[in-house]
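Chains A and B, in that order, give the protein sequences. To get the numbering used here, take the position in the first sequence, counting from 1, and add 1385. To get the numbering used here, take the position in the second sequence, counting from 1, and add 428. Just below is one structure, and these are the notes that go with it.
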Amino acid sequence: MFTVEQIEAKLEQILLKVERPGRYVGGELNSIRKDWDAAKTRVALVFPDIYDIGVSNVGLKILYDQINQREDALAERAYAPWLDMEALMREHGIPLYALESKRPLSGFDLIGFTLPYETLYTNAINVLDLAGIPLRSSDRDDSHPIVIAGGHSAVNPEPMHAFMDAFIVGEGEEVIHEIVNWLQETQNAKRADRLRELAKIPGVYVPRFYETAYMDDGTIKAVEPLIPEAPKTIRKRIVGKLPPPPVKFIVPNIDVVHNRVSVEIMRGCTRGCRFCHAGMITRPVRERSVQEVVEAAEAAVRATGFEELALLSLSSSDYTHIKDLVDAIGERFEGRKLTVSLPSLRIESVSIELMEKLKQHRSGGFTLAPEAASERMRRIINKYIPDEDIINTTREIYARGWTTIKLYFMIGHPSETLEDVQAIADLSKRVIAEGRKVAGWKVKLNVGVSTFVPKPQTPFQWVSCDTRENILEKQALLKRELFKDRNIKLSWTKPDDTLVEAWLSRGDRRMAEVIHTAWKNGAKFDAWEEGRKFETWIAAFKEHGLDPAFYTHRQRRTDEIFPWEHITAAVRKNYLFQDFRMSLEGQIRVDCRLNCYACGILPTFANLRRENPGEGWKCPDVKSPTRKMEMELPLVGD
Amino acid sequence: MRVRITFAKQGALRYVGHLDLHRLWERAMRRANLPLAYSQGFHPQPKISLAAALPLGFSSRAEVMDVRLNEDIQPGEISARLKDNLPPDIQIVEVKAVEENLPALQTQTLSASYDVHLTEPVPGSELKRGVEALMNSEALIRERRSKTYDLRPLIEMISVIAQADGTAWLKMTLAAREGATGRPEEVLSALGIEPETARVERTRLIFK
Chain A
1386 MFTVEQIEAK LEQILLKVER PGRYVGGELN SIRKDWDAAK TRVALVFPDI YDIGVSNVGL
1446 KILYDQINQR EDALAERAYA PWLDMEALMR EHGIPLYALE SKRPLSGFDL IGFTLPYETL
1506 YTNAINVLDL AGIPLRSSDR DDSHPIVIAG GHSAVNPEPM HAFMDAFIVG EGEEVIHEIV
1566 NWLQETQNAK RADRLRELAK IPGVYVPRFY ETAYMDDGTI KAVEPLIPEA PKTIRKRIVG
1626 KLPPPPVKFI VPNIDVVHNR VSVEIMRGCT RGCRFCHAGM ITRPVRERSV QEVVEAAEAA
1686 VRATGFEELA LLSLSSSDYT HIKDLVDAIG ERFEGRKLTV SLPSLRIESV SIELMEKLKQ
1746 HRSGGFTLAP EAASERMRRI INKYIPDEDI INTTREIYAR GWTTIKLYFM IGHPSETLED
1806 VQAIADLSKR VIAEGRKVAG WKVKLNVGVS TFVPKPQTPF QWVSCDTREN ILEKQALLKR
1866 ELFKDRNIKL SWTKPDDTLV EAWLSRGDRR MAEVIHTAWK NGAKFDAWEE GRKFETWIAA
1926 FKEHGLDPAF YTHRQRRTDE IFPWEHITAA VRKNYLFQDF RMSLEGQIRV DCRLNCYACG
1986 ILPTFANLRR ENPGEGWKCP DVKSPTRKME MELPLVGD
Chain B
429 MRVRITFAKQ GALRYVGHLD LHRLWERAMR RANLPLAYSQ GFHPQPKISL AAALPLGFSS
489 RAEVMDVRLN EDIQPGEISA RLKDNLPPDI QIVEVKAVEE NLPALQTQTL SASYDVHLTE
549 PVPGSELKRG VEALMNSEAL IRERRSKTYD LRPLIEMISV IAQADGTAWL KMTLAAREGA
609 TGRPEEVLSA LGIEPETARV ERTRLIFK
């Protein structure tokens, strides 16, 4: 194994040959370098994309803090090297190392990946390869680190099952300590025995202890545990109360994508948009108090000196005391040259007042996400915002001095037609026309149109992803309609990218071989322009006798067993199915803060809820039996 | 007040460029609760000016920077507050108050001294001959970014420091005036040494 000195000497020779060498040297303020020999457990946390994107990830930061707060453990960080650096590392035989100590990843006890999105899968494999760690769980022995992964994509871990020893489903704050303890307790045991013990920890999925049987048509017949220690269903972990947020953020020495501190004000979302993966899998909503957020923001700004603060949540407007929070933040940071960003605001005039209070640079633009533009589509996706609300709000935004508005839409929703796409173009044109009436010809509109990818554990897990031909036709329509206006800027997602993500999102265990082959033939950085290798993916499917359309362009049977059937985010499949059926009928479900629709969270976490009474959780009190609540479905227009 | 700070920049910070260094100091000042002055206008800029950009990969024992603060604070106090608020590879060497109306630092820089260590050792005697030839030449016409220029007048001094094991390293002082900057790697190339094999440290900036 390489020593730190050897790695450092080799880096010296290559760093000036790569773009932005500051990515590869660490040395940031608030990075934590602990005594290697004094720690019983050493964990390398990996975000398998480049430093510029990974360094500000809040999830890994939480784990970094949790582990480093322990006296008996240390955590360091690693990211995927960019293509130029990777080539030189391979040429010089430099293994992937952690930034703090420059020790090779292979010398750690645990490698913990975060996989927030599926297009990181090939990068994760590449990271293992660069670290000289056998790619497959079955090829690793007692001399190798344990390799685990968590993050949103872990609610369907199957496509990556071959490469990870285990997955953590759900929130990591508590389970990470159980894993560190497990590492210490089983230190001298054989790997297979250790993993058996690991499978006992709630929320941990150890794929080698499960077997999948298939039907003749390629769908799943059954997923069965092979040992008594492995639970039939792995239920996600959550924390009953959000612990104090991290404040000592790493301050990168080079410019990065999100160069700021982030304070999570709320976790989960009660809106129930049917396309939204995060909204379905991060329930229940738990909020931090205004005071806790303000104090954390103060501490974070003091500890980092950052110029920008982001208040994170899936839906800022839904935070109970949002006005108080914005007032308190505005007051606290008055005159301190701090830009505050508040993402995901609802389309209503209150949002404009909030942004004004935060004294946002109006040059930065105002972002809103209607997602769909026709009444029918809005009902289907359960994000119902009338045109008039959009027009009135955007007109007001222009009138108050913002010159640029960004509107986010999605195409490819279930049953979408060209008419629904035309509505996006029409609405966009109306928005800018109304803007011109109040603010003249200087107004600009950025229209971002992504393509919907059906995600596991959501009401749309049954639907077919739009075909390449349809997507291209819809995008051509938008280009034809919107390119004419020079002040409308249209952006879209390439169908190739959408399809790669779609294959992986609802893939089964057989996808692991496709991923491996695609990676072997050069696929990596699948989320990047530079990395796109669509033909490589198609060839990999072919090599393994699988049809990509099986994963994307297929309406699932209502009784189909999904590859992720044994994993649950605690939202019942029946509930998801009911919600799917409602979408077909154009029925919407309003905010579940007001009315519980019995998604399954409350009964699953009843004990946790009892231990954490009061304000923190935003599930309403359920008095009548939950069955009954399901029948009281509000209809729009009633 | 106008404060002149001399600092060392080493280790990981060698790979952090000029613009990023500006931002790094701005944040350090904020953390240290030092009231940095900003320019007026739509995009206020902090009043931080570095004497001479340090090429990527070089370390330095003596970078010099002027910052303006909105309050008068004792230099000792500034130094104390900054100390705990800097990344590990930056160390404060000196903090002193200077006259408000002095000309900008960049216009006052004359030359810079460097220590150059070679990772692929060259015999001292050979190095000495090379340096003598260089210093005795009338002109050293070189090309950089497809422009030709004469390197010779930019070299003020080079000395060869012989080691007990027969190898040697170099000390050099090169011009660092606005529009006339001698670069150590150019001198190394002129000496027939691959610049990639050198560890360069700036040791001193010389002002008018």
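C-beta: ideal position from N, C-alpha, C; glycine also.
Among the residues of chain A, those whose CB is under 9 angstroms from the CB of E624(B) are Q1398, L1401, K1402, following chain order.
In the structure shown, W597(B) adopts extended strand secondary structure according to DSSP, grouped into three states. A distance below 6 angstroms between beta-carbons, with the five flanking residues on each side excluded, links A1925(A) to the following residues of its chain, in chain order: V1899, T1902, A1903. With fewer than 16 other Cβ atoms inside 10 Å of its own Cβ, Q1676(A) counts as exposed. The residues N1415, S1441, K1446, V1646, S1647, A1685, A1688, T1689, F1691, in chain order, have a CB closer than 8 angstroms to that of F1634(A) in the same chain once the five nearest residues on each side in sequence are set aside. Leaving aside the five residues that flank S1701(A) on each side, the residues in its chain whose CB is nearer than 7 angstroms to its CB run, in chain order, I1707, L1727, P1728, S1729, L1730. Chain B places no beta carbon closer than 7 angstroms to that of V1885(A), leaving this residue out of the contacts. In this structure, the alpha-carbon of I1452(A) lies about 34 angstroms from that of F1947(A).
Close to G1720(A), with beta-carbon spacing below 8 angstroms, lies no residue of chain B; the smallest spacing is near 11 angstroms.
Between A1539(A) and V1554(A), the C-beta gap is smaller than 7 angstroms, which places the two residues in contact. Only residues of its own chain outside the window of five on either side were considered, and among them R430, A465, K475 have a CB closer than 6 angstroms to the CB of R496(B), listed in chain order. Against T1689(A), the close residues of chain B are R455, R459, in the order they occur along the chain (beta-carbon pairs closer than 8 angstroms). The C-beta of G1907(A) has fewer than 16 other C-beta atoms within 10 Å across all chains shown, which makes the residue exposed. By a beta-carbon distance limit of 8 angstroms, T1937(A) does not contact W1877(A). Their separation comes to about 18 angstroms.
The DSSP-derived three-state label of T1778(A) is helix. Here the segment 1599-1609 of chain A makes no contact with the segment 1959-1977 of chain A; the two share fewer than three CB pairs at distances below 8 angstroms. Where Y1595(A) is concerned, the enclosing beta strand (DSSP E) starts and stops at 1595-1599.
In this model, P1530(A) and V1589(A) are separated by some 17 angstroms (Cα to Cα). For the pair of segments examined, the segment 1977-1989 of chain A was found to touch the segment 1948-1963 of chain A: the number of CB pairs separated by less than 8 angstroms reaches three. In the three-state scheme derived from DSSP, where H, G and I count as helix and E and B as strand, Y1960(A) is classed as helix. Those residues of the segment 512-532 of chain B placed with their C-beta closer than 8 angstroms to a C-beta in chain A are N513, L514, P515, P516, D517, ordered along the chain. Distance from the CA atom of E491(B) to the CA atom of A1460(A), rounded to whole angstroms, is 33 angstroms.
Residue A561(B) holds the alpha-carbon nearest to the alpha-carbon of G620(B) among I506(B), E454(B), A561(B).
Between R1780(A) and E1543(A), the C-beta gap is not smaller than 7 angstroms, which leaves the two residues out of contact. The beta strand (DSSP E) runs of length 3 or more contained entirely in the segment 1447-1524 of chain A are, from start to end of the chain, 1458-1464, 1495-1499. Going by C-alpha positions, K1829(A) is about 19 angstroms away from E1756(A).
No Cβ-Cβ contact shorter than 7 angstroms links V1532(A) with V1431(A).
Taking every protein chain shown into account, the CB of T1836(A) has 16 or more other CB atoms within 10 angstroms, so this residue is buried.
Per the C-alpha coordinates, the member of F1594(A), Y1482(A), P1880(A) positioned closest to S1523(A) is F1594(A). Less than 7 angstroms separates the beta-carbon of V1670(A) from that of G1653(A).
For the 7 angstroms CB-CB criterion, Y1783(A) and A1824(A) form a contact.
Between V1848(A) and P1880(A), the C-beta gap is not smaller than 7 angstroms, which leaves the two residues out of contact. Look at S1734(A) here: in three-state DSSP terms it is helix.
Restricting attention to alpha helix (DSSP H) runs no shorter than 4 residues, the segment 1615-1688 of chain A encloses them at 1662-1666, ordered along the chain. Of all residues in the segment 1406-1433 of chain A, those with a C-beta nearer than 8 angstroms to a C-beta of chain B are P1406, G1407, Y1409, V1410, G1411, G1412, E1413, L1414, reading in chain order.
Take R458(B), set aside five residues on each side of it, and the residues of its chain with a beta-carbon closer than 8 angstroms to its own are L464, in chain order.
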